[in-house]
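The opening residue of the sequence shown carries number 257 in this note's numbering; numbering runs sequentially from there.
Just so it is clear, CB atoms sit at the ideal spot from N, CA and C, and this is done for glycine as well.
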Amino acid sequence: LFIRAALGHAYALAGNTTAAREILAELLALTETQHVSPYDIAILHSVLNEKNEAFAALERAFASRSEALVWLKVDPRLDPLRHDRRFIDLLRRVGLPL
257 LFIRAALGHA
267 YALAGNTTAA
277 REILAELLAL
287 TETQHVSPYD
297 IAILHSVLNE
307 KNEAFAALER
317 AFASRSEALV
327 WLKVDPRLDP
337 LRHDRRFIDL
347 LRRVGLPL
């Protein structure tokens, strides 16, 4: 599923937001039957400039203690979110330096 999310990210960066949204919809549907990383969902929402949805997914990652959150500070795929106060609050709650 990580590969599908990465493909969706690549599609969005290439300007094919339709394909990226299709993959996002597929991953969201799969959350009903199996684990899909909320961090990966947040990445897709971020690249699609859906900030509220990205933060909701990051909150789910935080609530589930996702190990992927260790990358918050350095993951360039989250750059669209960095200047939002919610991102700074999340960094603080995760325990990463500001």
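Inter-residue CB distance, LEU328 and LEU300 (contact presumed, cutoff 8 angstroms): What you label residue 328 is simply residue 72 of the sequence shown in a count that begins at 1. What you label residue 300 is simply residue 44 of the sequence shown in a count that begins at 1. Under the criterion of beta carbons closer than 8 angstroms, LEU328 and LEU300 do not qualify as touching, at roughly 16 angstroms.
Helix, strand or coil at GLU355 according to DSSP, with G and I counted as helix: With the chain represented from 257 up to 354, any question about residue 355 goes unanswered, as that position is not in the structure.
Spatial distance of PHE318 from THR274 (CA atoms): Sequence index remark: in the sequence shown, residue 318 carries index 62 (1-based). Sequence index remark: in the sequence shown, residue 274 carries index 18 (1-based). For PHE318 and THR274, the distance between alpha carbons rounds to 28 angstroms.
Helix, strand or coil at LYS307 according to DSSP, with G and I counted as helix: Start at 1 with the first residue of the sequence shown, and residue 307 comes out as number 51. When DSSP states are grouped into helix, strand and coil, LYS307 belongs to the helix group.
For ARG333, the first and last residue of its enclosing alpha helix (DSSP H): In the sequence shown, residue 333 corresponds to position 77, counting from 1. Taken as a continuous stretch (DSSP letters only), ARG333 belongs to no alpha helix (DSSP H), as it is neither H nor E.
Beta carbon of LEU354 nearer than 9 angstroms to that of ALA298: If you number the sequence shown from 1, residue 354 lands on position 98. If you number the sequence shown from 1, residue 298 lands on position 42. Against a cut-off of 9 angstroms, the Cβ pair of ALA298 and LEU354 comes out as no contact.
Neighbourhood of ALA313 by C-beta, 8 angstroms cutoff - its chain only, sequence neighbours within 5 removed: Translated into positions along the sequence shown, residue 313 becomes position 57. Result list for ALA313: PRO294, TYR295, ILE297, ALA298, HIS301, in chain order.
Contact check, PHE311 vs ARG342, beta carbons under 9 angstroms: By 1-based counting over the sequence shown, the position of residue 311 is 55. By 1-based counting over the sequence shown, the position of residue 342 is 86. Contact: yes.
Delimiting residues of the alpha helix (DSSP H) encompassing THR289: Sequence index remark: in the sequence shown, residue 289 carries index 33 (1-based). Boundaries cannot be given for THR289, as no alpha helix (DSSP H) includes it and DSSP labels it neither H nor E.
Alpha carbon of SER320 to alpha carbon of VAL292, nearest angstrom: Your numbering for residue 320 matches position 64 in the sequence shown. Your numbering for residue 292 matches position 36 in the sequence shown. One alpha carbon belongs to SER320, the other to VAL292, and they sit about 12 angstroms apart.
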